[in-house]
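One structure is given here, and the rest of the page talks about it.
Residue numbers (the working numbering): 989 to 1714.
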């Protein structure tokens, strides 16, 4: 039974285990992965060449598969044969990820391995080389307490940064292409890192730096202050070196200053060589002759070096302390003499005169004088310190008998836009400020009862903005100056008056151009037993046996009949027909329309077969637009149309015949405009017959006549326009 139990257990374990085969990149990788699975995870793994066979229960097999698949993915994997401490491993992990996009997948301390992965072979190999160098430096630092990594500063060569850091701090610095390896005690390492970061931050803003060795006779602190003031650079003292960094031109200026100071040191007398070299910075005006002042000092036996920096507005006097002090004293005296000479020379060329009246007022006479010079002259006369933030370039012409400083500056501000601000007793001239457009802030309100659109157009013509409230008869205007407002007010009083009204009286007359003749015909016929009387107005029959009349009897009686005829003719011409006589009132500039007629509907089909109702409007239409001019005349734009409906054979669509006229004329008030010449021709067939006889078959044609009557008609339009009060 015991043997059976053991067999059962073995079979159960064997059955529970499963195997899986993986194909890796090469035999070395398969062997290393198998070793990790055996020793770290306790999973059975055997490798043959690049094939790895893993046997484990389901749960462990899944874990192993995930681990192996990590090495089989697209990223390239490297296994290094050394581990790192946790803190250093974190620094390395950040470094290789940032610079090479390489991941530290695992730091296996127990196996002495580190796993790295990257997207390509080159970046992964570079990361491996950096890590190997870091590890070699760490292993070489026996007894060192702290090792830290810091990113490189691209602008500074490794030799320079190594010299700076190791001189300032008790540390050792080695470098790779991507980082510095700083080792030493913890405090020194932290201070060294701060120095590196400070240099990095400075060089992010600036573009270059330089290392300069300071001669023993110079005070490094004083030299640093001079360079920062004169050349506007940043300076860091490192032992007997200065690290100077700033923009390229600033660093160049700093190097020139140092060179001048060195020359000043060399000019010092041999017996004074042991004395300390000092330098003083003084204000320098652009037209100050530095070379002449240098020669002047030499003539006095003073061997200091005078270096001028016009763009910076300063000069540096360097040498031994005693001579520098003497040169400073002579410098002020030299400036005063030079200033006096310049004033005498300038007085001859001056285009303006400023005279002092009393302590607070002056008189000014200037003709096309430079504005800045006038301001300076007035400020000096009134003993007012002044600083120009911006230098005025304008010319000024003025003649003021008496003015104080406040009034003078107000004139300049109002006319040139410069502002004068006081700070600690000094007047500062600032750049011109844009003059605010007060017209945009002022609103003018008008009550306008008429013609809002004309008022709006008027204001917009002058560049203003208009808001119209026609309900309350209000107009709000902004964006115009006071001068423009005066002009707008004058014109607005005219534009806002109510428009004149015009009464239009019209008559539309249709005139016949062919004379008409009215005819009356009487005819008496006597037959045996029958008396027939006819006229153009009727037929009279007298017979005792009317019912017995037939064609045979009538035909037999005709030869013995007696006929009596009489005619009456009436002539009339120029028949006039008044079609319409409308009257309407409209406002000047507005169209008036009159239509007298009807709307006759008819059906049409569109392209889709839908039936639509359309209308034709025969009748009389009159459209008139009067405009009353200032001289009392009236400009009339007239359109008139007289139409009649007309049908066409085999066409269901209604039509019309029209007579139209359109014109534009100028007439006097109360005058009548006549439009004529619109001629229409009509044709009519007129039939005349003897009643009863004219209707007889065959014989009737002898008792009737037909006549084609052609008539021409002229359309006359009479329009009278009168201006009336509203």
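Don't be surprised by glycine CBs; every beta carbon is placed ideally from N, CA and C.
Residues that DSSP places opposite residue i in a beta bridge
| i | result |
| --- | --- |
| residue 1211 | According to DSSP, which records beta bridges pairwise, residue 1211 is partnered with nothing at all. |
| residue 1694 | 1675 |
| residue 1431 | 1466 |
| residue 1066 | 1104 |
| residue 1306 | 1267, 1293 |
| residue 1489 | 1575, 1712 |
| residue 1656 | Note: residue 1656 sits in no beta bridge, so no partner. |
| residue 1024 | The partner list for residue 1024 (beta bridge, DSSP) is empty, contrary to what the question assumes. |
| residue 1670 | 1699 |
| residue 1037 | The partner list for residue 1037 (beta bridge, DSSP) is empty, contrary to what the question assumes. |
| residue 1661 | 1707 |
| residue 1566 | 1497 |
| residue 1581 | 1611 |
| residue 1044 | 1006 |
| residue 1343 | 1351 |
| residue 1092 | 1104 |
Outcome for residue i when other beta-carbon atoms lying within 10 angstroms are tallied against a minimum of 16
| i | result |
| --- | --- |
| residue 1377 | exposed |
| residue 1042 | buried |
| residue 1145 | exposed |
| residue 1164 | buried |
| residue 1022 | buried |
| residue 1010 | buried |
| residue 1136 | buried |
| residue 1238 | buried |
| residue 1040 | buried |
| residue 1247 | exposed |
| residue 1102 | buried |
| residue 1613 | buried |
| residue 1587 | exposed |
| residue 1676 | exposed |
| residue 1446 | buried |
| residue 1539 | Residue confidence is low: residue 1539 scores 46 on pLDDT, short of 50, so the model does not pin down where it sits. Its coordinate-derived value is still stated next. Exposed, since its Cβ has fewer than 16 Cβ neighbours within 10 Å. |
| residue 1601 | exposed |
| residue 1088 | buried |
| residue 1316 | exposed |
| residue 1183 | buried |
| residue 1397 | buried |
| residue 1131 | A caution first: residue 1131 carries a pLDDT of 48, below 50, which makes its placement in the model too unreliable to give a value. |
| residue 1452 | buried |
| residue 1052 | buried |
Reference residue i; option with closest CA among the options
| i | options | result |
| --- | --- | --- |
| residue 1488 | 1406, 1157, 1618, 1036 | 1618 |
| residue 1006 | 1015, 1049, 1020, 1033 | 1049 |
| residue 1086 | 1135, 1139, 1044, 1053 | 1139 |
| residue 1704 | 1620, 1656, 1678, 1649 | 1649 |
| residue 1678 | 1670, 1693, 1666 | 1693 |
| residue 1482 | 1462, 1436, 1671 | 1436 |
| residue 1357 | 1383, 1350, 1346 | 1383 |
| residue 1344 | 1312, 1392, 1311, 1317 | 1392 |
| residue 1034 | 1312, 1046, 1018 | 1018 |
| residue 1323 | 1473, 1281, 1696 | 1281 |
| residue 1094 | 1122, 1111, 1065, 1339 | 1065 |
| residue 1585 | 1598, 1629, 1601 | 1629 |
| residue 1081 | 1057, 1116, 1408, 1047 | 1116 |
| residue 1394 | 1348, 1403, 1413 | 1348 |
| residue 1577 | 1659, 1452, 1634, 1442 | 1442 |
| residue 1701 | 1651, 1582, 1599, 1567 | 1567 |
| residue 1496 | 1661, 1161, 1478, 1712 | 1661 |
| residue 1456 | 1440, 1160, 1235, 1683 | 1440 |
| residue 1414 | 1387, 1278, 1368, 1351 | 1368 |
Rounded Cβ spacing between residue i and residue j (contact assumed at less than 8 Å)
| i | j | result |
| --- | --- | --- |
| residue 1092 | residue 1104 | 6 Å |
| residue 1417 | residue 1374 | 7 Å |
| residue 1610 | residue 1653 | Wrong, their Cβ atoms sit about 15 Å apart, outside the cutoff. |
| residue 1590 | residue 1604 | 7 Å |
| residue 1154 | residue 1176 | With 8 Å as the limit, residue 1154 and residue 1176 do not qualify as a contact, their Cβ atoms being about 10 Å apart. |
| residue 1215 | residue 1189 | Actually they are not in contact, since the Cβ atoms of residue 1215 and residue 1189 sit about 19 Å apart, beyond 8 Å. |
| residue 1012 | residue 1054 | No, residue 1012 and residue 1054 are not in contact; Cβ-Cβ is about 14 Å, not under 8 Å. |
| residue 1580 | residue 1655 | In fact, because the Cβ distance is near 15 Å, the residues do not count as touching under 8 Å. |
| residue 1354 | residue 1362 | 6 Å |
Inset, instruction - For the segment 1349-1373, list the beta strand (DSSP E) runs that are entirely contained and at least 3 residues long, ordered along the chain. - result: 1349-1358
Legend entry - Length-filtered (4 minimum) alpha helix (DSSP H) runs lying within the segment 1595-1650: none
Legend entry - Uninterrupted alpha helix (DSSP H) stretches inside the segment 1379-1458 (no shorter than 4 residues): 1393-1404, 1440-1449
Legend entry - Ranges of the beta strand (DSSP E) found wholly within the segment 1110-1191, counting only runs of at least 3: 1134-1139, 1160-1163, 1167-1172
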